[in-house]
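Numbering (the working numbering), first residue to last: 2 to 407.
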């Protein structure tokens with residue numbers, strides 16, 4: 002079967018949430034199908050031509066790569082603000098209206114006609130604007146949802162303290178929901194990250210013909226411990242630091258948990274791993290020798306493995322958090338907000354530890370830092386869960402079966 006993969010980014014290297022899901026699904030689909038890839042690239046992920054070529058060459062080893070068009074993601078903050086205000090006067094959601102391109106539809110149909118494409122995979126709902134350009138109505142259409150975007154925006158509105166932003170996010174969420182109602186049922190298959198997200202989407206668009214949960218997963222051969230020694234009293238958080246749920250989580254931990262925790266435990270350290278750390282965060286690390294901000298790292302595994310505990314106080318966002326899956330695969334005891342584990346089949350006290358308030362984080366961290374046997378037990382159970390339910394090879398088989406039966 003010939004599959005055209007329409008993407009909003011170059012899905013390589015598979016480091017970070019969206020990149021991991023997109024790359025691994027693409028790779029698994031290519032095992033059974035002739036896959037062609039076309040889409041966009043984001044300068045924030047691939048800033049140089051060399052980095053783009055390296056990524057394209059890596060993808061070319063298992064699929065046919067066509068064009069990647071630039072996204073103008075480097076516009077000024079003022080221009081973004083003006084665009085956001087203008088969107089209030091239109092029916093279009095600002096956060097969905099960012100992938101327009103005149104040349105892509107032309108090339109899209111050339112690929113379809115020359116390669117007898119059977120199925121087109123749209124890797125995010127923002128790409129649904131290209132749906133009308135697919136003239137051949139016999140082609141099967143699949144829409145991937147990394148998150149249920151309206152739900153994520155509405156949750157952001159609930160969390161926001163600034164009234165103007167709160168109203169904006171609420172209205173934006175409503176516009177996104179209207180778009181989800183308008184387009185999702187036009188696809189032969191919608192895939193989500195979890196059963197929870199499937200239920201959310203069906204509640205919005207009851208006309209959807211077929212929906213299935215294709216969970217985020219882990220490359221279990223890549224994410225596994227290598228026998229590095231654990232550093233005593235060490236905490237870690239890993240995640241891109243331009244993504245607002247991650248930044249909000251870091252602020253919560255540093256401002257509401259860390260002052261008391263670091264006073265009680267003089268030995269505790271906190272490492273924050275992730276690209277694009279803001280200046281204020283670097284300043285905090287410069288003033289506190291027990292806080293380390295690494296910025297982007299080529300390999301996050303040794304940082305996770307050496308940490309005593311993985312903390313994830315994310316209270317916002319959508320989809321499922323791949324950072325949680327990665328840490329589970331690395332045998333880590335994770336102390337996390339329940340929201341950060343949505344859609345992941347974890348059990349409190351067996352393979353994860355939940356906390357919500359600052360005091361709960363402090364109590365759980367202090368307990369597990371001094372309970373190595375409990376950490377080992379939870380870490381073992383965490384890895385077992387990943388091997389059973391979140392192995393990308395098994396996930397890929399499920400998605401390939403769905404595609405084959407459309």
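Don't be surprised by glycine CBs; every beta carbon is placed ideally from N, CA and C.
Along the beta strand (DSSP E) that carries residue i, what are the first and last residues, could you check?
{"i": "residue 144", "result": "141 to 145"}
{"i": "residue 113", "result": "Unbroken run through residue 113 is the alpha helix (DSSP H), 104 to 116; no beta strand (DSSP E)."}
{"i": "residue 311", "result": "310 to 313"}
{"i": "residue 193", "result": "190 to 193"}
Sort out for me which residues DSSP pairs residue i with in a bridge.
{"i": "residue 37", "result": "5, 65"}
{"i": "residue 235", "result": "270"}
{"i": "residue 355", "result": "337"}
{"i": "residue 120", "result": "4, 141"}
{"i": "residue 71", "result": "42"}
{"i": "residue 349", "result": "353"}
{"i": "residue 296", "result": "274"}
If we count the other Cβ atoms within 10 Å of its Cβ and call it buried at 16 or more, is residue i buried or exposed?
{"i": "residue 6", "result": "buried"}
{"i": "residue 155", "result": "buried"}
{"i": "residue 261", "result": "exposed"}
{"i": "residue 357", "result": "exposed"}
{"i": "residue 265", "result": "exposed"}
{"i": "residue 360", "result": "exposed"}
{"i": "residue 19", "result": "buried"}
Under 9 angstroms, do residue i and residue j count as touching if we go by C-beta distance?
{"i": "residue 183", "j": "residue 253", "result": "no"}
{"i": "residue 388", "j": "residue 221", "result": "yes"}
{"i": "residue 57", "j": "residue 112", "result": "no"}
{"i": "residue 347", "j": "residue 310", "result": "no"}
{"i": "residue 53", "j": "residue 70", "result": "no"}
{"i": "residue 65", "j": "residue 35", "result": "yes"}
{"i": "residue 392", "j": "residue 33", "result": "no"}
{"i": "residue 2", "j": "residue 405", "result": "yes"}
Can you give me the start and stop residues for the alpha helix (DSSP H) that residue i sits inside?
{"i": "residue 213", "result": "First-last for residue 213: 212 to 214, but that is the beta strand (DSSP E), not the alpha helix (DSSP H)."}
{"i": "residue 19", "result": "18 to 31"}
{"i": "residue 253", "result": "245 to 253"}
{"i": "residue 394", "result": "393 to 405"}
{"i": "residue 387", "result": "373 to 390"}
{"i": "residue 177", "result": "164 to 184"}
If we ignore side chains and look at the alpha-carbon of each, how far apart do residue i and residue j end up?
{"i": "residue 288", "j": "residue 324", "result": "27 angstroms"}
{"i": "residue 77", "j": "residue 166", "result": "Residue placement at residue 77 is poorly supported in this model, since its pLDDT is 44, which falls under 50; the coordinates are not used for a value here."}
{"i": "residue 306", "j": "residue 226", "result": "6 angstroms"}
{"i": "residue 191", "j": "residue 394", "result": "20 angstroms"}
{"i": "residue 153", "j": "residue 161", "result": "12 angstroms"}
{"i": "residue 205", "j": "residue 280", "result": "39 angstroms"}
{"i": "residue 285", "j": "residue 237", "result": "16 angstroms"}
{"i": "residue 168", "j": "residue 178", "result": "15 angstroms"}
{"i": "residue 45", "j": "residue 271", "result": "26 angstroms"}
{"i": "residue 243", "j": "residue 251", "result": "12 angstroms"}
{"i": "residue 173", "j": "residue 133", "result": "24 angstroms"}
{"i": "residue 200", "j": "residue 249", "result": "27 angstroms"}
{"i": "residue 170", "j": "residue 372", "result": "42 angstroms"}
{"i": "residue 381", "j": "residue 100", "result": "43 angstroms"}
{"i": "residue 24", "j": "residue 313", "result": "24 angstroms"}
Beta carbon of residue i: closer than 8 angstroms to some heavy atom of the ligand NAP?
{"i": "residue 130", "result": "As far as ligands go, the structure on display features none, and thus does not contain the ligand NAP."}
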